[in-house]
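In our numbering, the protein residues as written are 3 to 544.
This is the structure in structure tokens:
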């Protein structure tokens with residue numbers, strides 16, 4: 003939507019006006035900040051409002067006056083705002099980025115630009131390394147040290163880490179808080195609860211009879227490297243993964259509403275608020291209200307969705323990708339639960355042999371496990387174990403077939419690991435000629451990198467070959483991600499593996515479950531929910 007673009011521009015106009023440093027500029031800047039907040043609170047695109055009713059419709063929005071409404075009209079018609087462009091010529095500065103550094107307001111940012119040529123965070127970092135800040139009027143040695151410390155924290159807001167790393171840290175902190183005296187309920191929220199593949203920060207909610215003990219446990223966490231702030235209701239720490247973590251102390255009566263709100267996503271919540279408004283209700287982090295009566299007090303999230311006339315939407319699906327419309331029409335897919343896994347299709351051979359296949363199977367409690375080897379038979383180790391044999395099949399960049407592929411007939415299944423350097427056409431040709439049981443790394447995506455193959459084309463070839471797409475979810479890669487799967491979730495069967503090389507990694511299959519839930523994969527499309535006999539039927543012929 004256009005709302006965020008305009009809000010960001012008005013916010014930056016406010017900063018540039020404040021940099022002028024007089025009383026008149028302060029009042030004018032506040033008007034732009036109010037308009038930015040108003041735009042972000044809208045439940046529909048401001049352009050739609052304008053097309054429907056022009057300037058008059060814009061000024062009916064609380065916080066939008068005639069002058070700012072005219073700028074919105076100018077942006078809609080021309081794609082730019084003259085006032086913004088004029089101010090940027092005078093202040094070619096990333097005010098929004100620099101203002102994330104605690105202690106830097108618009109006037110100080112303007113001084114940094116005037117005396118040290120600082121335009122953005124990179125310039126600031128360089129100026130600090132050269133100790134050019136202390137000599138600027140109004141700063142000094144102490145200020146320079148504080149800015150250096152606060153810059154490290156600001157940079158965390160741009161950093162994202164793999165979900166497995168963030169999840170483990172969050173669960174450790176949750177457990178530390180849970181052991182604190184008075185803790186009644188504690189839960190992770192945000193992108194971790196939605197099982198997004200990367201994490202920007204960690205959100206934890208806590209209901210407790212002893213807030214001081216919960217906050218003390220939080221700020222003393224083994225993952226805390228610095229306490230950024232600590233208050234009665236909210237505390238923030240910097241973690242050893244260079245991301246921040248927030249703890250919010252909340253009321254027991256509003257736990258369900260607050261959990262729903264802070265789980266997000268933002269777009270999902272905006273659409274829910276619009277539905278609430280259409281029903282004459284008000285939805286926020288404290289509850290769902292009809293006038294002054296909270297309809298969901300002391301209730302869980304399920305009640306919120308029920309009051310809004312829809313099925314309960316699992317946290318992982320809350321991204322405003324059509325899940326709300328499906329919930330309203332009672333057509334949400336029956337996704338698998340984390341306890342529905344009854345088998346693991348990828349236990350590496352080396353780990354299985356060093357730890358013991360029997361021990362792994364006993365530890366997991368699974369009905370079956372798949373041990374994957376590289377060009378070596380494991381039959382002698384599989385006696386009396388209700389498991390499957392496997393081989394990891396590599397693919398050359400040219401897409402040449404493995405000349406020894408017929409040897410794979412001695413195994414229960416094969417895994418084709420697509421080379422990162424092979425393109426979509428080569429990969430599809432290899433799939434159709436080799437007809438593997440499973441296809442691993444279908445898009446070649448790694449954290450911090452792009453896909454090198456198109457999943458929809460890979461899925462078409464997999465369907466022709468009768469192959470199963472294996473979901474990889476490890477510290478190194480999520481492939482494919484939910485966003486790719488959504489468009490082709492009903493085309494083929496999918497399977498999960500832990501890819502673990504140590505006992506504690508067996509549980510990492512949860513991330514694959516998370517991907518499947520985010521994608522809305524029906525439970526009956528995931529092989530790990532099948533019985534052993536049904537699995538053997540599904541993979542026969544490969």
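Cβ atoms here follow ideal geometry from the backbone N, Cα and C, with glycine treated the same way.
Every value quoted in this text rests on a predicted model; they were computed, and no experiment measured them.
Proximal residues to residue 74 (C-beta, below 8 angstroms), its chain only, five neighbours per side dropped: Locating residue 74 in the chain shown gives position 72, where the first residue counts as 1. Cβ within range, chain order: 8, 48, 52, 60 and 66.
Give the secondary structure of residue 80 by DSSP, where H, G and I count as helix, E and B as strand, and everything else as coil. In the chain shown, counting from the first residue as 1, residue 80 sits at position 78. Helix, per DSSP.
Is the beta carbon of residue 34 sitting closer than 8 angstroms to the one on residue 70? Residue numbering aside, residue 34 sits at position 32 when the chain shown is read from its first letter. Residue numbering aside, residue 70 sits at position 68 when the chain shown is read from its first letter. Result yes, Cβ atoms of residue 34 and residue 70 sit closer than 8 angstroms.
Using the rule of at least 16 other Cβ atoms within 10 Å of the residue's Cβ for burial, across every protein chain shown, is residue 444 buried or exposed? Stepping through the chain shown from its first residue, residue 444 is reached at position 442. By the neighbour-count criterion, in which a residue is buried when 16 or more other Cβ atoms sit within 10 angstroms of its Cβ, residue 444 is buried.
At a cut of 8 angstroms, does the region 340 to 355 reach the region 486 to 505 through at least three beta carbon pairs? yes
Give the secondary structure of residue 197 by DSSP, where H, G and I count as helix, E and B as strand, and everything else as coil. Position 195 of the chain shown, counting from 1, holds the residue named residue 197. Residue state, collapsed to three classes: coil.
From residue 54 to residue 46, what distance separates their C-alpha atoms? Your numbering for residue 54 matches position 52 in the chain shown. Your numbering for residue 46 matches position 44 in the chain shown. Distance between the alpha carbons of residue 54 and residue 46: 12 angstroms.
Can you look up residue 252 in the DSSP assignment and give me helix, strand or coil? Here residue 252 is taken as the residue at index 250 of the chain shown, counted from 1. Note: residue 252 maps to coil in three-state DSSP.
Name the DSSP beta bridge partners of residue 481, please? In the chain shown, residue 481 corresponds to position 479, counting from 1. Paired residues: 474.
When the distance is taken between beta carbons, is residue 353 closer than 8 angstroms to residue 541? Residue mapping note: residue 541 aligns to position 539 of the chain shown, counting from 1. Residue mapping note: residue 353 aligns to position 351 of the chain shown, counting from 1. No. Outside cutoff.
Would you decide whether residue 484 is buried or exposed? Buried here means 16 or more other CB atoms lie within 10 Å of its CB. As a first step, residue 484 must be located in the chain shown, where it is residue number 482. The residue in question, residue 484, is buried, as its Cβ has 16 or more Cβ neighbours within 10 Å.
Apply the 10 Å Cβ neighbour rule to residue 38 and answer buried if 16 or more other Cβ atoms are within range, or exposed otherwise. Counting from 1 along the chain shown, the entry for residue 38 is found at position 36. It is buried - the Cβ of residue 38 has at least 16 other Cβ atoms within 10 Å.
Cα separation between residue 234 and residue 327? What you label residue 234 is simply residue 232 of the chain shown in a count that begins at 1. What you label residue 327 is simply residue 325 of the chain shown in a count that begins at 1. Residue 234 and residue 327 have their C-alpha atoms some 39 angstroms from each other.
How would you label residue 94, buried or exposed, when you count the other beta carbons within 10 angstroms and need 16 or more for buried? Looking up residue 94 in the chain shown gives position 92. Residue 94 is exposed by the Cβ-count criterion.
Own chain residues within Cβ distance below 8 angstroms of residue 447, not counting five before or after: Here the question's residue 447 lines up with position 445 in the chain shown. Excluding sequence neighbours, residue 447 sits near 453, 454, 479, 480, 481, 482 and 483.
Expressed to the nearest angstrom, what Euclidean distance is found between the alpha-carbon atoms of residue 337 and residue 519? One-based indexing of the chain shown puts residue 337 at position 335. One-based indexing of the chain shown puts residue 519 at position 517. Distance between the alpha carbons of residue 337 and residue 519 is about 6 angstroms.
Assuming residue 317 contacts residue 522 (C-beta within less than 8 angstroms), just tell me the rounded distance between them. The sequence position of residue 317 within the chain shown is 315, counting from 1. The sequence position of residue 522 within the chain shown is 520, counting from 1. Wrong, their Cβ atoms sit about 13 angstroms apart, outside the cutoff.
Starting from residue 97, trace the alpha helix (DSSP H) in both directions and tell me its first and last residue. Within the chain shown, numbered from 1, the residue matching residue 97 stands at position 95. It spans 97 to 100 - the alpha helix (DSSP H) in which residue 97 sits, taken as one unbroken run.
In this structure, how does DSSP classify residue 93 when only helix, strand and coil are distinguished? For the purposes of this step, residue 93 is taken as the residue at position 91 of the chain shown. In the structure shown, residue 93 sits in coil (DSSP, three-state: anything other than H, G, I, E or B).
Are the CB atoms of residue 437 and residue 468 within a distance shorter than 8 angstroms? On the chain shown, residue 468 is found 466 positions in, with the first residue counted as 1. On the chain shown, residue 437 is found 435 positions in, with the first residue counted as 1. Cβ atoms of residue 468 and residue 437: closer than 8 angstroms.
Thinking residue 241 and residue 171 are a contact (beta carbons under 8 angstroms), I'd like their distance in whole angstroms, please. Position 239 of the chain shown, counting from 1, holds the residue named residue 241. Position 169 of the chain shown, counting from 1, holds the residue named residue 171. Confirmed, Cβ separation roughly 6 angstroms.
Round the Cβ separation of residue 440 and residue 457 to the nearest angstrom and send it over; I've been treating them as touching at under 8 angstroms. Start at 1 with the first residue of the chain shown, and residue 440 comes out as number 438. Start at 1 with the first residue of the chain shown, and residue 457 comes out as number 455. The Cβ separation is near 15 angstroms, so there is no contact.
Do residue 201 and residue 155 come within 8 angstroms of each other at the CB atom, strictly closer than that value? Your numbering for residue 155 matches position 153 in the chain shown. Your numbering for residue 201 matches position 199 in the chain shown. No, the Cβ-Cβ distance between residue 155 and residue 201 is not below 8 angstroms.
Compare the C-alpha of residue 351 against each of 127, 374, 187 and 195 and name the closest. For the purposes of this step, residue 351 is taken as residue 349 along the chain shown, with counting starting at 1. Taking only the C-alpha atoms, the option nearest residue 351 is 374.
Output the boundary residues of the alpha helix (DSSP H) element that contains residue 245. Indexing the chain shown from 1 puts residue 245 at position 243. Element bounds for residue 245: n/a, residue is neither H nor E.
Could you tell me if residue 80 is buried or exposed, where buried requires 16 or more neighbouring beta carbons within 10 angstroms of its beta carbon? The residue labelled residue 80 in the question sits at position 78 within the chain shown. Label assigned to residue 80: exposed.
Cα-Cα separation between residue 208 and residue 471, rounded to whole angstroms: By 1-based counting over the chain shown, the position of residue 208 is 206. By 1-based counting over the chain shown, the position of residue 471 is 469. Going from the Cα of residue 208 to the Cα of residue 471 covers about 39 angstroms.
Tell me which residues share the same chain as residue 248 and place their Cβ nearer than 6 angstroms to its Cβ, disregarding the 5 neighbours each side in the sequence. Here residue 248 is taken as the residue at index 246 of the chain shown, counted from 1. The residues are 205 and 238.
With a floor of 3 residues, list each beta strand (DSSP E) that falls wholly inside the region 311 to 350, ordered by position along the chain. If only uninterrupted beta strand (DSSP E) runs of at least 3 residues are considered, those enclosed by the region 311 to 350 are 345 to 350.
Return helix, strand or coil for residue 289, following the three-state DSSP convention. Position 287 of the chain shown, counting from 1, holds the residue named residue 289. Residue state, collapsed to three classes: strand.
Exposed unless 16 or more other CB atoms sit within 10 angstroms - verdict on residue 32: If you number the chain shown from 1, residue 32 lands on position 30. With fewer than 16 other Cβ atoms within 10 Å, it is exposed.
Sub-8 angstroms separation of residue 191 and residue 264 beta-carbons: As a working mapping, residue 191 is identified with position 189 in the chain shown. As a working mapping, residue 264 is identified with position 262 in the chain shown. Between residue 191 and residue 264, the C-beta gap is smaller than 8 angstroms, which places the two residues in contact.
If we ignore side chains and look at the alpha-carbon of each, how far apart do residue 459 and residue 536 end up? For the purposes of this step, residue 459 is taken as the residue at position 457 of the chain shown. For the purposes of this step, residue 536 is taken as the residue at position 534 of the chain shown. Those two C-alpha atoms are separated by around 27 angstroms.
Any idea what DSSP makes of residue 153, helix, strand or coil? Locating residue 153 in the chain shown gives position 151, counting from the first residue. Note: residue 153 maps to helix in three-state DSSP.
Alpha carbon to alpha carbon, how far is residue 361 from residue 370? Give it in angstroms, no decimals. For this step, residue 370 is matched to residue 368 along the chain shown. For this step, residue 361 is matched to residue 359 along the chain shown. Residue 370 and residue 361 have their C-alpha atoms some 12 angstroms from each other.
Cutoff 8 angstroms; reference residue 174; Cβ partners in own chain excluding five residues on either side: Numbered from its first residue, the chain shown carries residue 174 at position 172. Hits under 8 angstroms: 223, 224 and 225.
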